[in-house]
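Read through the structure below, which is laid out as structure tokens, and then see the notes.
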Amino acid sequence: MTVSSNEIASIVQQTLQQYQPYRGFTFRSPSITVTGGHCVNQLGEVLNELGATHVLLVADKVVHQLGLTKGCETAITFAGLGLTVFSDVDGEPDSTLIAHGQTCLEQSNADFVLGIGGGSALDAAKAIAVIGDYRGPLTQLKVGGIASRRVGLGAIPTTAGTGSEVTDITVIKDITLDIKVPVKGPALVPDLALLDPALMLNVPAGITAATGIDTLTHAIESYVSRLSNPLSKAYAYHSIETLIKALPIAVGYGHDMDKRYDMAVAAYKAGLAFSNAGLGLTHAIAHQIGARYHLAHGVANAILLPYVMAFNALSCEAGYAEVANALGVSREGMTSREKCRAAILAVRQLVMDLGLPTSLTGVGMTESDFPQLAEQAMKDICLQGNPRQVTPSQIITLLKQVMGGQLPEGYC
Ligand SMILES: [Fe+2]
Numbered sequence: 001m002t003v004s005s006n007e008i009a010s011i012v013q014q015t016l017q018q019y020q021p022y023r024g025f026t027f028r029s030p031s032i033t034v035t036g037g038h039c040v041n042q043l044g045e046v047l048n049e050l051g052a053t054h055v056l057l058v059a060d061k062v063v064h065q066l067g068l069t070k071g072c073e074t075a076i077t078f079a080g081l082g083l084t085v086f087s088d089v090d091g092e093p094d095s096t097l098i099a100h101g102q103t104c105l106e107q108s109n110a111d112f113v114l115g116i117g118g119g120s121a122l123d124a125a126k127a128i129a130v131i132g133d134y135r136g137p138l139t140q141l142k143v144g145g146i147a148s149r150r151v152g153l154g155a156i157p158t159t160a161g162t163g164s165e166v167t168d169i170t171v172i173k174d175i176t177l178d179i180k181v182p183v184k185g186p187a188l189v190p191d192l193a194l195l196d197p198a199l200m201l202n203v204p205a206g207i208t209a210a211t212g213i214d215t216l217t218h219a220i221e222s223y224v225s226r227l228s229n230p231l232s233k234a235y236a237y238h239s240i241e242t243l244i245k246a247l248p249i250a251v252g253y254g255h256d257m258d259k260r261y262d263m264a265v266a267a268y269k270a271g272l273a274f275s276n277a278g279l280g281l282t283h284a285i286a287h288q289i290g291a292r293y294h295l296a297h298g299v300a301n302a303i304l305l306p307y308v309m310a311f312n313a314l315s316c317e318a319g320y321a322e323v324a325n326a327l328g329v330s331r332e333g334m335t336s337r338e339k340c341r342a343a344i345l346a347v348r349q350l351v352m353d354l355g356l357p358t359s360l361t362g363v364g365m366t367e368s369d370f371p372q373l374a375e376q377a378m379k380d381i382c383l384q385g386n387p388r389q390v391t392p393s394q395i396i397t398l399l400k401q402v403m404g405g406q407l408p409e410g411y412c
């Protein structure tokens, strides 16, 4: 009897699957994290430790114009490393920008890509670093398409929100197809994350509020995600505890370095949590609404999160009760159901206190848009982690609630 190579491969695959660890998990994070006010001064030392000789600095255009990259540039050159600055990131990165970045990487012979700026600059840096010599369509890469890279990668966020400095994902718009392509893989986790709150002191209150609620959404969605693990839950829980104390003050008084530091760490921890545990229905819908109505990602999350929590409560009441503990709104003698309700109402109250909208009124949406939005949300990768199964008609019902600004009965 002869056995084909395909049959052998199939037998090996089945054998390996039998030995998948039960309840096991893999957790990825940057190998070096540096934090603290003005810690950007330590950059040269850390880059030397990582073996970098020439750095391609990928920066937001505005961040560069404001002079926020100066400290990095000085630290890099003072350490005797080569430096090339690519400061063309202006808004969400697309395939044209990434192609320019790739050319810049090749021509500079840089062996380390360092992103500095908001989520867009960090996403661009990550894409440039991992795509390397690749010249094919982005859609061929997609999820799981990137396992290795040939250059080092670092990230310095100037807003506290996306957690892109630690996550294994980047989103690039494919110009030819006019779609956003999420690219995900272990190689997208930076080697270095540097959190310097001094770079965040001048972020406007509105952006601080929206990016802060994005962080809260990462923490809450990953905490109750079906893909969560003990480490991701620990990071998520502590992110919520830190954020609830720091965010209102950071929005109200942006120059509070302590609270900016706390928010940077909260965003980092929430990023670690969701990068290793996934997200949920809030992000699945927010991605569709943000793209279609040009709504800032954090604002879309702020509007949706309490409604999605009320929907999910059926299957994760205990998880939200623990979230209530982290938010500091549970009291002795409360039942699990009461704590769950308290968590949802606390999130809604925080959104209102920060001056963010609580309904979709005024974004240009009509009920006739709902079926298509629901279908698109059902295909979003973030739905995999949601603790409750959902149908398109349930998403439509939820969108009607959000449109009217009324939480379901029992949460008013
Ligand atoms: Fe997000």
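In terms of this note's numbering, the sequence shown is residues 1 to 412.
Glycine is no exception: its CB is placed at the ideal position from the N, C-alpha and C atoms.
Check                                                                                                                          : Outcome
Distance cut-off 7 Å: T35 Cβ against heavy atoms of ligand 1                                                                   : no
Contacts around L81, its chain only, beta-carbon distance under 7 Å, and the 5 residues preceding and following it disregarded : G44, L47, A52, T53, H54, V55
Residue from I381, V299, S95, I395 whose Cα sits closest to the Cα of I175                                                     : S95
Ranges of the beta strand (DSSP E) found wholly within the segment 298-380, counting only runs of at least 3                   : none
Supposed contact pair A187 and S148 - C-beta distance, whole angstroms, cut 8 Å                                                : 5 Å
K379 classed as buried or exposed, judged by whether at least 16 other C-beta atoms fall within 10 angstroms                   : exposed
Whole-angstrom distance between A75 and L406, CA atom to CA atom                                                               : The question names Leu, but residue 406 is Gln in the sequence shown. Between Q406 and A75, the C-alpha separation is close to 52 Å.
Rounded C-alpha distance that separates V85 from D111                                                                          : 13 Å
Alpha-carbon to alpha-carbon, V181 and V143                                                                                    : Confidence at V143 is low in this model, with a pLDDT of 48, below 50, so its placement is unreliable and the value that follows should be read with caution. Computed Cα separation, rounded: 9 Å.
Limits of the unbroken beta strand (DSSP E) element including P182                                                             : 179-184
Contained alpha helix (DSSP H) runs [length at least 4] in the segment 246-274, N- to C-terminal order                         : none
Which of helix, strand or coil DSSP assigns to H54                                                                             : strand
Contained beta strand (DSSP E) runs [length at least 3] in the segment 46-105, N- to C-terminal order                          : 54-60, 82-89
Cβ-heavy atom distance, T162 to ligand 1, below 7 Å                                                                            : yes
Close beta carbons around P414, own chain, < 6 Å, minus the five adjacent residues each side                                   : Outside the modelled stretch of the chain, which goes from 1 to 412, sits residue 414, for which no answer is possible.
Cβ contact (3+ pairs, closer than 8 Å) linking the segment 324-336 and the segment 295-306                                     : no
Three-state secondary structure (DSSP) of P230                                                                                 : helix
The beta strand (DSSP E) enclosing M122, as first and last residue numbers                                                     : Correcting the residue type first, residue 122 is Leu in the shown sequence and not Met. No beta strand (DSSP E) contains L122, which is instead part of the alpha helix (DSSP H) from 119-131.
Neighbour-count burial assignment, H287, 16 or more Cβ in a 10 Å radius                                                        : buried
Three CB pairs or more closer than 8 Å across the segment 246-260 and the segment 199-218                                      : yes
Residue range of the unbroken alpha helix (DSSP H) whose run includes G206                                                     : 205-223
Given 8 Å, three or more beta-carbon pairs between the segment 257-273 and the segment 351-365                                 : no
Top-ranked residue by Cα proximity to G24, from T103, H218, P230                                                               : P230
D178 versus I285 - alpha carbon distance                                                                                       : 19 Å
Strand pairing of D174, partner residues [DSSP]                                                                                : I179
Closest residue to Q376 among R388, S393, G364 (Cα-Cα distance)                                                                : S393
Status (buried if at least 16 other CB within 10 Å, exposed otherwise) for A318                                                : exposed
Exposed unless 16 or more other CB atoms sit within 10 angstroms - verdict on R28                                              : exposed
Coarse secondary structure for P387, derived from DSSP in three states                                                         : coil
Cutoff 6 Å; reference I289; Cβ partners in own chain excluding five residues on either side                                    : L295, A300
Start and end residues, beta strand (DSSP E) containing T282                                                                   : Unbroken run through T282 is the alpha helix (DSSP H), 281-293; no beta strand (DSSP E).
For L153, the first and last residue of its enclosing beta strand (DSSP E)                                                     : 152-157
In DSSP terms, what T15 is bridged to                                                                                          : In the DSSP output, where bridge partners are listed per residue, T15 has none listed.
Spatial neighbours of K173 in its chain, beta-carbon cut-off 8 Å, leaving aside the 5 residues before and after                : E92, P93, D94, S95, I179, K180, V181
For Q401, the nearest candidate out of Q384, M352, T366, Q372 (CA to CA)                                                       : T366
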